[in-house]
Each structure stands twice: as C-alpha cells, then as structure tokens.
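Just so we're aligned: 106 in the UniProt record's numbering is position 106 of the sequence shown, and the numbers increase by one with no gaps anywhere. Heads up, the beta-carbon is just placed ideally off N, CA and C, and yes, glycines get one too. All of these numbers come straight from a predicted model, not from anything done at the bench. Here is the structure we will look at, set down as structure tokens.
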Amino acid sequence: MSKLGSMKKAELVSLAGELGVDSEGLKSDLEDRISAHLSQNAARYQSDERFQAFFSPSKSRRRQQPVTRPRDTPTKHSPEADDNDNDESSEEDEEEAEKESLSERAREARERVQELAEDAFAAFLDYSETVRAHLSTIRTLTLVQVLLEKLFVLKALIPFTVSVNVFDQFEVQHVPDLSVLGDCANFWHPLLLWTLAGVALPTVIGYYVNFKPNRGKKKAGYTVDPMVFALARVSLMHLALHTRVVSCACVARAAPAVRLAVGDLPYLSGAIAIIVALYTN
Numbered sequence: 001m002s003k004l005g006s007m008k009k010a011e012l013v014s015l016a017g018e019l020g021v022d023s024e025g026l027k028s029d030l031e032d033r034i035s036a037h038l039s040q041n042a043a044r045y046q047s048d049e050r051f052q053a054f055f056s057p058s059k060s061r062r063r064q065q066p067v068t069r070p071r072d073t074p075t076k077h078s079p080e081a082d083d084n085d086n087d088e089s090s091e092e093d094e095e096e097a098e099k100e101s102l103s104e105r106a107r108e109a110r111e112r113v114q115e116l117a118e119d120a121f122a123a124f125l126d127y128s129e130t131v132r133a134h135l136s137t138i139r140t141l142t143l144v145q146v147l148l149e150k151l152f153v154l155k156a157l158i159p160f161t162v163s164v165n166v167f168d169q170f171e172v173q174h175v176p177d178l179s180v181l182g183d184c185a186n187f188w189h190p191l192l193l194w195t196l197a198g199v200a201l202p203t204v205i206g207y208y209v210n211f212k213p214n215r216g217k218k219k220a221g222y223t224v225d226p227m228v229f230a231l232a233r234v235s236l237m238h239l240a241l242h243t244r245v246v247s248c249a250c251v252a253r254a255a256p257a258v259r260l261a262v263g264d265l266p267y268l269s270g271a272i273a274i275i276v277a278l279y280t281n
C-alpha cells in the first residue's frame, strides 16, 4: 500500500476516521494502523470504490488464479554450501533490518520536527492575532498618547545637567538631576496640574458621561468612553494652560512650565483620538 506513504497526515487522519481507526500519533503510526486494518479486512474493502486504490490489482489477480508449480527435482547440496548460504542470508537480513530501523527513526524524527514547527507557527499566528487585537484599539492609542506626553513633561521638569565620573576614567554627561524631586513649586505642582487636567479628570468624565451602549453588560464591563475622554482632555488642558478660569496661585505658577513642555501636543493627540473614536464607533 505505497499510496499511504504519499498521503499527508491530514488525509491519513480523515481516512482513519472513515475506517474507524484510531487517528492519534505520528504519521508512520497512522500508516501502519491503516495498512494493517485494510489487510485484515481486504475482502470487505476491495469491493468499495473508495478504498480500491489501496489494494494492488496484481495481488488480487494472483490470489484468484491457481498457481501451478513445476515438479520439484531433487538436488544435492553440500553441508558447507548450506552453512555459507545461511550465514550470508542472516547477514543480509541484519543489514536490511538495520537500514529499515535507521530509516524509520529518521522518518519519525523528521515528522516530530515538522509537527513541532507547525505547532510553533500556529502558536505564533495566535499570538500575533492577540497582539494585533490589543494594539488596534482606541484605548491603546490613547494610552500611548498620554505616556508620550508624560515623557515630554518629565523631560522638561527634570534637568539633565549632572555629570558623573565612572571608574575615574569615563565621564557620563546629561544625567538627570534628581534633586528637583524636592522642589514642590518647580516639579510637583506642574506634574500634578498635568495629571489632573490631562488624565484624572478626563477619566472621571469619560466614565460617567458614556455614550457607548452598555445594555446587557455587567457592571464590571462599564469602561471609559474614549471619545468623551479625548474631548474632556482637550478642553481641560486648554482651560488650565491657556486661560485664567482657575484662579489659583499654584496653577498660575505651574501652567507656564506645563505649557512649555507639551506645547500644542494635547490638541494634536486629542484630534487624532476623536477621529479614530468616530471611525471605530
């Protein structure tokens, strides 16, 4: 049944299902089980057109035709010749068995490597789809925008002016001056202003003013509306940085530092978030 060797594993699994044979294991195991099942039930499957291709026509004809053997004529053999023939045949059998064993091991190893590669590729595709599903969302875009803006704020508030000597041979320049962490007016007030106007208050507004449909959802699934968050963020950042609506000395002193750090970035990121939110909704 050489045709089984040319079939793919998926085809063998399908054939095993039709025959009622166990489809677990390697490809070689499937071939052996299917071949044994067909051989044991040859009379049953030879008449079925679906399985006639797995039986050799010449073999079936030879089974049906009577075999006439010529009359045996006695021949004389010497004991030494018989011993030599037996030794040669045993050596040939051992070599043939060793070759078949090596071929079987190589085929099993190749099938294992192929199955491992297929499983790894399938896992990679599943992971890629998961990453793509998480990255292609408005929430991920908003998170990236907020983190990028925070980096600009920290870079503007923390001066990189310190030089450090390493092993008395190398001098590392532009190290952040962490002494600014103790300065409330020049560090904590601007950072707190940006956090409130750019993250905290827009999150609260986007949570309570939510136009996304939530019928039939559990309470735990109620999330922040990205579009409302973007609108609230742009409005609050504009009021805090470019107007005097909030009459507070701390805000008045901190606003210039935040305005210098972010510039027009809140307007740009807000416009992008609103457009993407409208497109995805």
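Check, Outcome
"Expressed to the nearest angstrom, what Euclidean distance is found between the alpha-carbon atoms of Ala254 and Val131?", "39 Å"
"State the Cα-Cα distance for the pair Arg44 and Ile34, rounded to the nearest angstrom.", "14 Å"
"Residues in the same chain with beta-carbon distance under 6 Å from Lys9, minus the five sequence neighbours each way, listed in chain order, please.", "Lys27"
"Can you find the residues in the same chain that come closer than 7 Å, C-beta to C-beta, to Gly270, ignoring five residues on each side of it along the sequence?", "Ala230, Arg233, Val234"
"Measuring from the CB of Ser23, is there a heavy atom of the ligand GDP at a distance below 6 Å?", "Among the components of this structure there are no ligands whatsoever, and the ligand GDP is therefore not found."
"What distance in whole Å lies between the Cβ atoms of Gly263 and Met237, which are believed to be in contact at a cut-off of 8 Å?", "Contact flag wrong, Cβ pair sits at about 11 Å."
"Under 8 Å by Cβ, that's how I've got Val276 and Ile138 pegged, so tell me the actual separation to the nearest angstrom.", "5 Å"
"Val153 and Trp188 look like a contact to me (Cβ under 8 Å); what is the Cβ gap, rounded to whole Å?", "With a Cβ gap of about 12 Å, Val153 and Trp188 do not count as contacting."
"Within the same chain, show all residues whose beta-carbon is closer than 6 Å to that of Glu149, passing over the 5 residues directly before and after it, in chain order.", "Val262, Leu265"
"Assign Lys8 to one of three DSSP states: helix, strand, or coil.", "coil"
"Taking Cys250 as part of the alpha helix (DSSP H), name the residues at either end of that continuous run.", "249–262"
"With DSSP collapsed to three states, give me the class of Ser103.", "helix"
"By how many angstroms is the C-alpha of Ala16 removed from the C-alpha of Arg50?", "13 Å"
"Put Thr243 into one of helix, strand or coil per three-state DSSP.", "coil"
"Going by C-alpha to C-alpha distance, which of Pro190, Leu260, Ile274, Pro202 sits closest to residue 289?", "As displayed, the chain neither begins before 1 nor continues past 281, which places residue 289 out of reach and without an answer."
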